[in-house]
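Okay, structure first, notes after.
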Amino acid sequence: ISLLGFGAKPQRSPLKSKRGMAMNQNENPAPKRENFASRLGFLLVSAGCAIGIGNVWRFPTVAGQNGGGVFVLFYLIFLLAMGVPVLTMELAVGRAGHGTATQAYRALEKQGAKWHLHGYLCLLGCCMLMMYYTTVSGWMLAYFFRFVKGTFTGLAADAVSGVYADLLADPFEQIVWMAITVLLGFFVCSRGLQNGIERIGKWMMGALFVLILVLAVHSFVLPGAGEGLAFYLLPDWNRAAEMGIGNVIVAAMNQAFFTLSLGVGAMEIFGSYMSRDYTLAGESLRICALDTCVAICSGLIIFPACFSYGVSPDAGPKLIFITLPNVFANMTGGRLWGTLFFVFMTFASFSTIIAVFQNILACLQESFGWSLKRACAVGTVFILLASVPCILGFNLWSGVQPMGPGSTVLDAEDFLVSNLLLPIGSLIYLLFCVTRWGWGFDNYLTEANTGKGLRLPRWFKPYFSVVLPLLIVFILVQGL
């Protein structure tokens with residue numbers, strides 16, 4: 001089916017083409033679906049979906065703990081071996097099926113198959129991701145305004161920690177920042193694909209890369225920066241051996257797999273908007289390159305700064321909201337550099353938000369026939385309400401510890417998305433594309449190799465059909 005309807009003539013709805021039904025004269029034709037106005041727009045928006053706060057607060061720390069350049073080497077290997085293939089599959093389903101996950105599966109699956117049910121799981125995953133991601137993005141916005149106001153100037157370490165504790169303890173302030181993030185996100189999406197997401201995404205991603213370069217150059221000239229760069233980038237097999245080479249490999253595998261946010265249809269939707277001028281392997285490599293560039297450059301910003309001021313680059317939120325503000329508070333011109341850093345962090349998180357919002361809106365429009373305006377209204381109300389439990393988990397509901405003592409609602413939501421929905425969803429996309437019960441490897445390969453650029457060879461089939469599923473199952477089991 002993926003080979004049909006892609007000529008110069010307008011194509012019929014894939015669902016109706018598959019069933020061989022002529023459109024009823026009384027039936028309204030489906031509204032014309034937007035495509036990206038440019039290849040650059042597709043690459044930047046898709047990369048923006050993959051680039052997120054995890055690139056900044058997780059990648060540098062995990063790299064430093066696991067032998068620096070040793071970890072980076074294994075990360076790049078697994079990114080090519082796992083991330084790129086699964087990304088091509090998600091994009092292939094979207095481009096061939098020309099719709100959201102549910103509609104694309106229906107267009108491509110065999111009669112009577114139930115692969116399209118995964119589309120509903122994708123929608124659930126996107127909604128659950130936004131239930132806590134918007135809150136964390138709101139924290140970025142809150143810290144940006146605090147640096148603009150000079151809140152951290154001259155503060156002692158305990159006082160800097162207190163700012164973060166006070167933010168978590170105040171549900172009203174968190175709700176305000178979260179609501180601003182949600183409203184801005186749906187406003188951008190309400191402008192449409194080209195006039196909203198693509199236009200804002202290109203400007204925002206361009207600014208993000210400029211900010212990365214400015215912040216990285218500034219970190220290079222700090223005293224002691226060389227020691228931080230050596231710790232981060234030079235292969236240290238002794239440090240890797242202390243962690244255990246097997247543990248380093250598993251850490252690199254996990255980071256390479258999760259960095260692209262595959263498995264919940266967030267990337268698939270952009271495949272449905274892309275042209276067929278270029279092969280999917282080439283486009284996937286470009287998206288991965290942009291994502292990896294941000295991840296590695298984040299370490300170039302963080303490690304020199306931390307080593308210059310003698311602080312440990314701890315993992316997770318503590319790095320962003322306690323460690324680095326301490327560094328900026330004691331740095332010459334720290335108010336400016338802190339402001340720029342949290343502008344960068346806000347753009348990194350917001351680019352993911354508008355990308356996932358677009359998938360949610362497209363699902364609502366295609367599943368229920370809603371207008372964009374109505375989908376935005378419903379989506380806004382739902383995400384606003386669904387994000388509140390995450391916020392309350394840090395204060396009024398702090399007694400709710402679903403993952404054990406000290407855990408929060410956010411931890412439970414992140415576990416469900418990262419450790420279950422992402423690997424399970426990626427495995428489903430993979431099996432759909434390579435097995436005879438799904439779309440089939442030949443159809444997938446034809447779609448992936450359509451256009452100009454790098455092509456996937458047919459002899460990859462045994463690896464895609466046997467080895468890659470086992471690697472994803474390993475990640476799933478290891479995450480549990």
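Count the sequence shown with my numbering and you get residues 1 to 480, in order. Glycine included, each C-beta is placed from N, C-alpha and C at the ideal position.
Item: Per DSSP, which one or two residues make a beta bridge with G68?; Value: P235
Item: Under 8 angstroms between the Cβ atoms of G83 and L260?; Value: yes
Item: Under the DSSP definition of a beta bridge, which residues are partnered with Y278?; Value: K452
Item: I'd like the list of long-range same chain contacts for F303, defined as Cβ closer than 7 angstroms, with 5 residues on each side in sequence excluded.; Value: P60, G64, G228, L229, F231, Y232, P313
Item: Would E27 be called buried (16 or more neighbouring beta carbons within 10 Å of its own) or exposed?; Value: Confidence at E27 is low in this model, with a pLDDT of 36, below 50, so the placement of that residue is unreliable and no value is reported for it.
Item: Would you decide whether S284 is buried or exposed? Buried here means 16 or more other CB atoms lie within 10 Å of its CB.; Value: buried
Item: Look at the alpha carbon of C127 and the alpha carbon of G226, and state the distance between them as a whole number of angstroms.; Value: 42 angstroms
Item: Does DSSP classify Q365 as helix, strand or coil?; Value: helix
Item: On the CB-based measure, 16 or more other CB atoms within 10 Å of its CB, does G265 come out buried or exposed?; Value: buried
Item: Counting Cβ pairs, one atom from each stretch, are 3 or more of them under 8 angstroms apart for the stretch 74–94 and the stretch 417–424?; Value: no
Item: To the nearest angstrom, how far is the alpha carbon of N35 from that of I77?; Value: 32 angstroms
Item: Which stretch, first to last residue, makes up the alpha helix (DSSP H) that contains F460?; Value: Per DSSP, F460 belongs to no alpha helix (DSSP H) and is neither H nor E.
Item: To test your reading of the DSSP string, which unbroken alpha helix (DSSP H) runs of 4 or more residues are found completely within the stretch 208–274?; Value: 225–233, 237–243, 245–258, 268–271
Item: Between the Cα of G69 and the Cα atoms of R239, F144, S46, which residue gives the shortest distance?; Value: R239
Item: Can you list, in chain order, the stretches of the beta strand (DSSP E) that have 3 or more residues and sit fully within the stretch 284–344?; Value: none
Item: Assess contact between the stretch 172–181 and the stretch 384–402, defined as three or more Cβ pairs (one per stretch) separated by less than 8 angstroms. Is contact present?; Value: yes
Item: Between the stretch 185–198 and the stretch 370–385, can you find at least three pairs of beta-carbon atoms closer than 8 angstroms?; Value: yes
Item: Please report the residue range of the alpha helix (DSSP H) in which V163 lies.; Value: 157–169
Item: Just to confirm before moving on: does the CB-CB distance between T408 and F144 stay below 8 angstroms?; Value: no
Item: Alpha helix (DSSP H) containing W57: first to last residue?; Value: 53–57
Item: Output the distance between the C-alpha atoms of P223 and N330, rounded to the nearest integer angstrom.; Value: 13 angstroms
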